[in-house]
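With mature numbering (1 follows the signal peptide of the UniProt record, and there is no 0) as the guide, the letters of the sequence shown map in order to residues -20 to -1, 1 to 326.
Glycine included, C-beta positions come from ideal geometry on N, C-alpha and C.
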Amino acid sequence: MMFLVIVGMMMMALSGGSLGTGTSEHHNHEEHATLCGLLGAAATLYNSGRAGEKLRKALGQVIFGKEDGGSLADLKRGFPEEYGKDGGRHNSCGECRHNNHDHYPGKSIPHDLLCLCTMGENGAPFNSGGHYSLCGVTGDRWGCKAKERNTYYAGDGQHWDCTNQQNGQSTWHHEKRKTAWQQVVQTCLKRKINLTLKDALDTFKGKKTGGHIINWNRNPSSCGGTSPDTICVGSSGWCGKETDNSYPQWLEVLEELTQEDFKLLERPTVKRRRRRQARNSTIQEGPDAEDDAEEEEEEFTTSTEGTSTTASLDKSRNHLLSLLSKHDGTSLPPPHSWLLSAVFFF
């Protein structure tokens, strides 16, 4: 009991003293972080080649917006042409409309990240909301100039003037989407995620149920990007296969997966070990080699896309480290030594 009290005191001290700044100045912070983690986990699994047919099709919808999938290398290389086509932001981000099957809310996570993370009209959310960042991208990376803080600005970080930015009146300009793709989507695709797809999905559902990602799947909402509140993803119209099979959504296909679908294909590690052993056979001969071969056979097993004990420990460690980080990504000072000493003492 005393152990739990000490741990609680330590976390309260860290939260109150070091993490006092909330996420209000970081617009769509939770939405971006949660979707980014889910996309990174999906990309890692897709790239491994270990997903069965049904799981791989689901990953195709999540990453590429189609069950057939595509090339991760192409998405990481640059802004895809299909995402640069003209069209209104509301039609792409707020509503599934008739004959608009190329871009609609929920088609893929990269698509939804563009809706959540592309700067809106007249520099929203920087000018109109006084926010420091949008999906972790600060105003200067959007080409905005530093500006003195006003009384209505959110948080206490640097603020930005985006009034003279090129294409500032547009809510869905090609260059704005390109910037969001390069600064946000590509970063998520390239990020090493120490989290299984299933755990990332559970985290997403928990955040949604808890009301922490309100700008994803808002209904009704215009999601036209004219103000900070409309930099979002909606779900009006024919969204979802239950309404219209022409508009499958990535969350929908993930929720259709069963525990059996998360079972992964065997890793082809045994053949590689045997080839390596054959190359070294001139050095190592005799009964020891047979023992090694038997050990290899024992290691060659199927696995489930779940969390092992090691992965759970890593996840807990990373979660604690995330609590010890500022919103801008820099590390905070370590907790006082007396706190840690107290924990280990008890």
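> Taking the Cβ atom as the reference point for each residue, do ASN107 and CYS142 lie within a distance shorter than 8 Å?
Replying inline: For the purposes of this step, residue 107 is taken as the residue at position 127 of the sequence shown. For the purposes of this step, residue 142 is taken as the residue at position 162 of the sequence shown. Yes. Within cutoff.
>> Just to check my reading of the structure: residue 337 and CYS97 have Cβ atoms closer than 8 Å, yes? What is that Cβ distance to the nearest angstrom?
In response: Limits of the chain in this structure are -20 at one end and 326 at the other, which puts residue 337 out of reach.
>> Considering Cα atoms alone, identify which of CYS73, ASN130 and GLN138 is closest to ARG121.
In response: Residue numbering aside, residue 121 sits at position 141 when the sequence shown is read from its first letter. Measuring from the Cα of ARG121, the nearest candidate turns out to be GLN138.
> Excluding the five sequence neighbours on either side, which residues of its own chain have a C-beta within less than 7 Å of the C-beta of ALA21, listed in chain order?
Replying inline: Within the sequence shown, numbered from 1, the residue matching residue 21 stands at position 41. So the qualifying residues of the chain are ILE173, LEU175, THR176, LEU177 and ALA180.
> Where VAL117 and GLY186 are concerned, what is the direct C-alpha to C-alpha distance, given to the nearest angstrom?
Replying inline: The residue labelled residue 117 in the question sits at position 137 within the sequence shown. The residue labelled residue 186 in the question sits at position 206 within the sequence shown. Computed Cα separation, rounded: 25 Å.
>> To the nearest angstrom, how far is the alpha carbon of SER216 from that of GLN257?
In response: The sequence position of residue 216 within the sequence shown is 236, counting from 1. The sequence position of residue 257 within the sequence shown is 277, counting from 1. Taking the straight line from one Cα to the other gives about 59 Å.
> Helix, strand or coil: which one does DSSP assign to THR210?
Replying inline: Walking along the sequence shown from the start, residue 210 turns up at place 230. Looking at THR210 - three-state DSSP - the assignment turns out to be helix.
> If you compare alpha carbons, which of LEU52, GLU128, GLU235 and ALA104 is closest to TRP152?
Replying inline: Locating residue 152 in the sequence shown gives position 172, where the first residue counts as 1. Of the candidates LEU52, GLU128, GLU235 and ALA104, the one whose C-alpha sits nearest the C-alpha of TRP152 is ALA104.
> Along the chain, where does the alpha helix (DSSP H) that runs through ASN27 open and close?
Replying inline: Taking the sequence shown and counting its residues from 1, one reaches residue 27 at position 47. Segment 9 to 28, the alpha helix (DSSP H) holding ASN27.
>> Just to confirm my understanding: we take LYS125, look at its own chain, exclude 5 residues before and 5 after, and list those with CB closer than 7 Å. What are they?
In response: The residue labelled residue 125 in the question sits at position 145 within the sequence shown. Around LYS125: TRP140 and ASP141.
> Mind checking whether SER72 and CYS95 have CB atoms under 8 Å apart?
Replying inline: By one-based count along the sequence shown, residue 72 stands at place 92. By one-based count along the sequence shown, residue 95 stands at place 115. SER72 is a Cβ neighbour of CYS95, given a cutoff of 8 Å.
> Does GLY45 have its Cβ less than 8 Å from a Cβ in chain C?
Replying inline: No chain C is present in this structure, which holds just one protein chain.
> Do three or more CB pairs link the region 203 to 223 to the region 55 to 66 at distances below 8 Å?
Replying inline: no
> Considering only the beta carbon of each residue, do ARG30 and LEU244 sit closer than 8 Å?
Replying inline: Position 50 of the sequence shown, counting from 1, holds the residue named residue 30. Position 264 of the sequence shown, counting from 1, holds the residue named residue 244. For ARG30 and LEU244, yes; Cβs fall inside 8 Å.
>> I'd like the span of the beta strand (DSSP E) that includes ALA126, first residue to last.
In response: In the sequence shown, the residue the question calls residue 126 occupies position 146. Segment 125 to 127, the beta strand (DSSP E) holding ALA126.
>> Nearest by alpha-carbon distance to LEU213: which of GLY190, GLN239, ILE89 and CYS168 is it?
In response: If you number the sequence shown from 1, residue 213 lands on position 233. The sequence shown places Val at residue 213, rather than the Leu named in the question. Checking every option, the nearest Cα to that of VAL213 belongs to ILE89.
> By Cβ distance, which residues of its chain are closer than 7 Å to residue 331, with the 5 residues on each side in sequence left out?
Replying inline: Outside the displayed range of the chain (-20 to 326) lies residue 331, so it cannot be described from this structure.
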